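S.K.: Sending over a structure as structure tokens; questions will come in a sec.
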Amino acid sequence: MFQTQASIANMRDRALASYVDQLARDGWCIMPDALPAERITRLDDDLAEGFGKVPYCHGPFYGETTKRLGRLPLRSVHSEALICHERILEIVHQFLGPWCDHVQLNTTQAIAIDPGAPAQAPHRDQDMFHGPKGEMEYLLNVIWPLTPFHPDNGATRLWPGSHGRAAIEGGALHEEQAVAPRLAPGSALLFLGSTLHGAGANRSGAVRRAAVIGYSLGWLKPYENPWLAYPPLVARHFSPELAKLAGYIQHRPNLGNFEGQCPSKLLTGGPELMTSPRDALLPEQAEMVEAYFRAQRVPG
Ligand SMILES: O=C(O)CCC(=O)C(=O)O
Ligand SMILES: [Fe+2]
Numbered sequence: 001m002f003q004t005q006a007s008i009a010n011m012r013d014r015a016l017a018s019y020v021d022q023l024a025r026d027g028w029c030i031m032p033d034a035l036p037a038e039r040i041t042r043l044d045d046d047l048a049e050g051f052g053k054v055p056y057c058h059g060p061f062y063g064e065t066t067k068r069l070g071r072l073p074l075r076s077v078h079s080e081a082l083i084c085h086e087r088i089l090e091i092v093h094q095f096l097g098p099w100c101d102h103v104q105l106n107t108t109q110a111i112a113i114d115p116g117a118p119a120q121a122p123h124r125d126q127d128m129f130h131g132p133k134g135e136m137e138y139l140l141n142v143i144w145p146l147t148p149f150h151p152d153n154g155a156t157r158l159w160p161g162s163h164g165r166a167a168i169e170g171g172a173l174h175e176e177q178a179v180a181p182r183l184a185p186g187s188a189l190l191f192l193g194s195t196l197h198g199a200g201a202n203r204s205g206a207v208r209r210a211a212v213i214g215y216s217l218g219w220l221k222p223y224e225n226p227w228l229a230y231p232p233l234v235a236r237h238f239s240p241e242l243a244k245l246a247g248y249i250q251h252r253p254n255l256g257n258f259e260g261q262c263p264s265k266l267l268t269g270g271p272e273l274m275t276s277p278r279d280a281l282l283p284e285q286a287e288m289v290e291a292y293f294r295a296q297r298v299p300g
């Protein structure tokens with residue numbers, strides 16, 4: 001699909017190239033043993049208090065027998081290992097890199113699906129963004145099971161091949177074409193924003209839990225508002241990588257600035273230390289401006 005053979009060949013790790021291949025071919029892939037299971041257990045433990053307090057969701061999309069928690073970096077220190085997972089970020093860049101200067105965190109959300117919950121309506125997460133579809137990817141999501149996933153307990157269902165151009169050209173939805181992979185905590189399920197999917201029905205007696213970490217093009221409005229979720233006094237305790245993903249970087253040209261400056265300045269100083277606005281342009285934009293002024297110069 002969107003992937004060129006050259007860029008796959010350039011990936012330093014053949015296993016990563018194979019994930020990129022699978023994503024391009026099927027719209028989803030599984031990275032087994034992406035993190036140690038113990039880390040996922042500790043993340044799950046840290047989320048227990050929040051799940052204990054938060055009421056059930058409202059609305060037919062979220063589902064009334066599900067619970068959701070946002071702002072995962074504030075709920076558990078272990079969430080950073082998921083968000084800043086180096087190999088996953090490399091894969092994300094393969095799909096989103098051609099369309100933006102850098103990617104951003106779109107979603108950090110933990111989802112609990114109660115016994116008896118019906119299947120979620122199949123959907124494409126890219127449809128939250130109102131732009132042309134079928135030519136590019138807007139986002140890539142990673143589902144990290146916090147409890148084992150199996151087809152009967154609400155495991156995420158996916159429709160292989162429903163992505164890319166099939167998202168606009170594909171025919172009717174066939175329930176029997178969905179797959180619901182078995183997953184163990186520590187593994188990661190990656191899927192494109194254009195891939196049809198949804199949580200399955202939970203016909204078991206136990207709650208199914210997962211963390212969803214989503215990445216989107218750096219110039220889009222993200223699902224979770226990062227500057228409200230992680231204001232500067234909070235984000236200054238983040239690692240530089242996490243702070244960048246959470247919006248503390250300008251997206252060239254000049255997007256997401258604060259008083260004309262990179263918002264990362266707010267992580268080390270206050271607004272009173274701001275100086276005059278400074279352009280942050282892509283090379284081709286700088287060249288366009290230069291060319292204009294060159295042409296204006298009166299010869300002699
Ligand atoms: O919980 C899941 O398995 C998927 C949830 C989902 O796709 C969503 O809420 O957008
Ligand atoms: Fe979704």
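The sequence shown begins at 1 in our numbering and counts up by one. Built from N, CA and C at the ideal position, the CB exists for glycine as well. This structure is a prediction, so every number in the text was calculated from the model and none was measured.
Over the uninterrupted beta strand (DSSP E) stretch that includes His197, give me the two end residues.
M.R.: The count along the sequence shown starts at 1 and reaches residue 197 at position 197. 197-199 is the extent of the beta strand (DSSP E) around His197.
S.K.: For a test of the three-state rule: what should DSSP assign to Arg278, helix, strand or coil?
M.R.: Counting from one through the sequence shown, the residue named residue 278 turns up at place 278. Residue state, collapsed to three classes: coil.
S.K.: Between the alpha carbons of Ala9 and Leu23, how many angstroms are there, rounded?
M.R.: Taking the sequence shown and counting its residues from 1, one reaches residue 9 at position 9. Taking the sequence shown and counting its residues from 1, one reaches residue 23 at position 23. Residue placement at Ala9 is poorly supported in this model, since its pLDDT is 49, which falls under 50; the coordinates are not used for a value here.
S.K.: Quick one, are the C-beta atoms of Gly154 and Gly200 less than 8 angstroms apart?
M.R.: Within the sequence shown, the letter at position 154 stands for residue 154. Within the sequence shown, the letter at position 200 stands for residue 200. For Gly154 and Gly200, yes; Cβs fall inside 8 angstroms.
S.K.: Report the CB separation of Thr108 from Ser79 in whole angstroms; it is logged as a contact under 8 angstroms.
M.R.: Counting from 1 along the sequence shown, the entry for residue 108 is found at position 108. Counting from 1 along the sequence shown, the entry for residue 79 is found at position 79. With a Cβ gap of about 7 angstroms, Thr108 and Ser79 count as contacting.
S.K.: Could you pull the start and end residues of the alpha helix (DSSP H) that Arg294 belongs to?
M.R.: Residue mapping note: residue 294 aligns to position 294 of the sequence shown, counting from 1. Looking at the DSSP string, the run of the alpha helix (DSSP H) that includes Arg294 is 283-296.
S.K.: Give the range of the alpha helix (DSSP H) segment to which Gly108 is assigned.
M.R.: Translated into the one-based positions of the sequence shown, residue 108 becomes position 108. Checking the displayed sequence, the identity of residue 108 turns out to be Thr instead of Gly. Premise fails: Thr108 lies in the beta strand (DSSP E), 103-113, not in any alpha helix (DSSP H).
S.K.: Within 10 Å of its beta-carbon, does Gln296 have 16 or more other beta-carbons around it, so buried, or fewer, so exposed?
M.R.: Taking the sequence shown and counting its residues from 1, one reaches residue 296 at position 296. Exposed, by the Cβ-count rule.
S.K.: When DSSP labels each residue in this structure, what does Gln3 get in the three-state scheme?
M.R.: Along the sequence shown, read from residue 1 onward, the residue named residue 3 stands at position 3. Low confidence applies to Gln3: its pLDDT is 47, below 50, so where it sits in the model is not reliable, and the reading given next is rough at best. Coil.
S.K.: Indicate the three-state DSSP secondary structure (helix, strand or coil) for Arg14 in the structure shown.
M.R.: On the sequence shown, residue 14 is found 14 positions in, with the first residue counted as 1. Three-state result, Arg14: helix.
S.K.: Spatial neighbours of Asp347 within its chain, please: CB distance less than 8 angstroms, with the 5 preceding and 5 following residues excluded, ordered by chain position.
M.R.: Residue numbering for the chain in the displayed model covers 1 to 300; residue 347 lies beyond these limits and cannot be assessed.
S.K.: Out of Ile111, Phe129, Lys244, Gly171, point me to the one whose CA is closest to Ile143's CA.
M.R.: As a working note, residue 143 is residue 143 in the sequence shown. Comparing Cα positions, the closest option is Ile111.
S.K.: Taking only the alpha-carbon atoms, compute the straight-line gap between Leu196 and Pro232 and give it to the nearest angstrom.
M.R.: Position 196 of the sequence shown, counted from the start, is the residue given in the question as residue 196. Position 232 of the sequence shown, counted from the start, is the residue given in the question as residue 232. Near 36 angstroms, if we compare the C-alpha coordinates of Pro232 and Leu196.
S.K.: Which word fits Asn141, buried or exposed, when buried means at least 16 other C-beta atoms lie within 10 angstroms of its C-beta?
M.R.: Counting from one through the sequence shown, the residue named residue 141 turns up at place 141. With 16 or more other Cβ atoms within 10 Å, it is buried.
S.K.: Here's a check: name, in chain order, each residue in its chain whose Cβ is nearer than 6 angstroms to the Cβ of Gly205, leaving out the five neighbours to either side.
M.R.: One-based indexing of the sequence shown puts residue 205 at position 205. Cβ within range, chain order: Pro115.
S.K.: Where Ile213 and Tyr292 are concerned, what is the direct C-alpha to C-alpha distance, given to the nearest angstrom?
M.R.: Walking along the sequence shown from the start, residue 213 turns up at place 213. Walking along the sequence shown from the start, residue 292 turns up at place 292. Approximately 43 angstroms between the Cα atoms of the pair.
S.K.: Considering only their Cβ atoms, is the gap separating Cys57 from Glu64 smaller than 8 angstroms?
M.R.: Here residue 64 corresponds to residue number 64 of the sequence shown, with the count starting at 1. Here residue 57 corresponds to residue number 57 of the sequence shown, with the count starting at 1. Cβ distance < 8 angstroms, so Glu64 and Cys57 count as in contact.
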